[in-house]
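For reference, the structure discussed in these notes is given below.
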Amino acid sequence: MSVRKYAMRPSRVLRRLHAGEVAYCTKLNLADSRTAEIAAMSGFDCIWTDMEHVPNDWSAVEKQILAAKAHDVDTIVRVARGSYSDYIRPLEMDAAGIMVPHIMSLEDAKRVVRSTKFHPLGLRPVDGGNSDGAYCNVDFNDYIKQANEERFLILQIEDVEPLDELEQIIALPGVDMIFFGPGDFSQSIGAPGRMDHPLLLETRKRIADLANKYGKFAGTVGSLDNREELIGLGYRFISIGADVVALSQYYNAIMKRLMSSAGRTANSIYSESSKEGTT
């Protein structure tokens, strides 16, 4: 009987992108693995879970990754800025990619690449005994090679500070994708929420142009209304929607119909329910 040969799970997102297609993602703020599975079942190429803003713990993130993998859907984890362990742990749990927020300079980008890519691109610490390495069942050299090829590093540009070195950052070997964050960028230029600000629009286009120039991928947040515009600019990775938005819209729509049919306001319903609770 021959010994089974293991390999790292290929990335669905990279498969799409290398074929010249657009990869779609959706963001999860909730930590529940069932939320991740519902998003994965809907057909997205990728789910994006978060450790920068959201109080997720490692166990919850691991379960979300497993839930997505069951449907051949990638997970990206936006990491908290910290030590190299904060960056590589999601990869070892078999996230297909990590997103590092607020890259502030070329040196900052170089440090991240060094920590998250194996030789010859970086010097990421090696431990093939986790899910991504099939628990030491992927050959050492195959593991290093496949991790560099089938897992991707996303750097977020969302501040004015890195703009002077933007081309060098995007050209840096080991950087797979540049993700433009318009919300924080609007703050950084002193125009919070002004998504039509000339510098914001210029930077958004410049990132896509430079990514295409250096054979990298450009990503950003989008919507059903502007996705064609983003694709026209050269963006190939677009995050649309979020679990908390979907739930809010769903429940608000229910209450709107209930109030409309009953001729009552939200305050009157709340008042009645409060009274009922005291009897």
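FYI, the numbering for the sequence shown is 781 to 1059, going by the numbering used here. Where is the CB? At the ideal position from N, CA and C, for every residue including glycine. Remember, it's a predicted structure, so these values are computed and weren't measured experimentally.
{"Query": "Validate contact between the stretch 889–897 and the stretch 839–857 using beta carbons, cut 8 Å, 3 pairs", "Result": "no"}
{"Query": "Three-state secondary structure assigned by DSSP to G1012", "Result": "helix"}
{"Query": "At least three beta-carbon pairs within less than 8 Å, the stretch 1032–1040 to the stretch 982–1001", "Result": "no"}
{"Query": "Ordered list of alpha helix (DSSP H) runs contained in the stretch 828–866, each at least 4 residues", "Result": "838–849"}
{"Query": "Within the stretch 943–984, ranges of the beta strand (DSSP E) (whole runs, at least 3 residues)", "Result": "957–960"}
{"Query": "Residues that DSSP places opposite I1018 in a beta bridge", "Result": "Y804 and T1000"}
{"Query": "Backbone secondary structure at V1025 - three-state DSSP", "Result": "helix"}
{"Query": "Bridge partners - I937, DSSP secondary structure assignment", "Result": "F960"}
{"Query": "N928, buried or exposed, once every other Cβ within 10 Å from all chains shown has been counted against 16", "Result": "buried"}
{"Query": "Test item: CB-CB of K897 and G954 under 8 Å", "Result": "yes"}
{"Query": "Buried versus exposed, by CB contacts within 10 Å (16 or more), C805", "Result": "buried"}
{"Query": "M788 in three-state terms, based on DSSP", "Result": "coil"}
{"Query": "Where G902 falls: helix, strand or coil (DSSP)", "Result": "coil"}
{"Query": "CB contact flag (A889, L935, <8 Å)", "Result": "yes"}
{"Query": "Cβ shell of G973 (< 7 Å), same chain only, five flanking positions each side left out", "Result": "S966"}
{"Query": "Local Cβ density within 10 Å of Q1029, reported as buried at 16 or more and exposed below that", "Result": "exposed"}
{"Query": "V880: first and last residue of the uninterrupted beta strand (DSSP E) it sits in", "Result": "G877 to V880"}
{"Query": "A848 versus V906: straight-line alpha-carbon distance, rounded", "Result": "24 Å"}
{"Query": "Opening and closing residue of the alpha helix (DSSP H) in which D812 lies", "Result": "Neither: D812 is in no alpha helix (DSSP H) and is coded neither H nor E."}
{"Query": "Beta-carbon proximity of I883 to P962, cut-off 8 Å", "Result": "no"}
{"Query": "Endpoints, alpha helix (DSSP H) assigned at S895", "Result": "L886 to T896"}
{"Query": "N917 versus G909 - alpha carbon distance", "Result": "8 Å"}
{"Query": "Neighbourhood of L808 by C-beta, 8 Å cutoff - its chain only, sequence neighbours within 5 removed", "Result": "T815, A816, A819, I827, W828, T829, D830, Q844, A1022 and D1023"}
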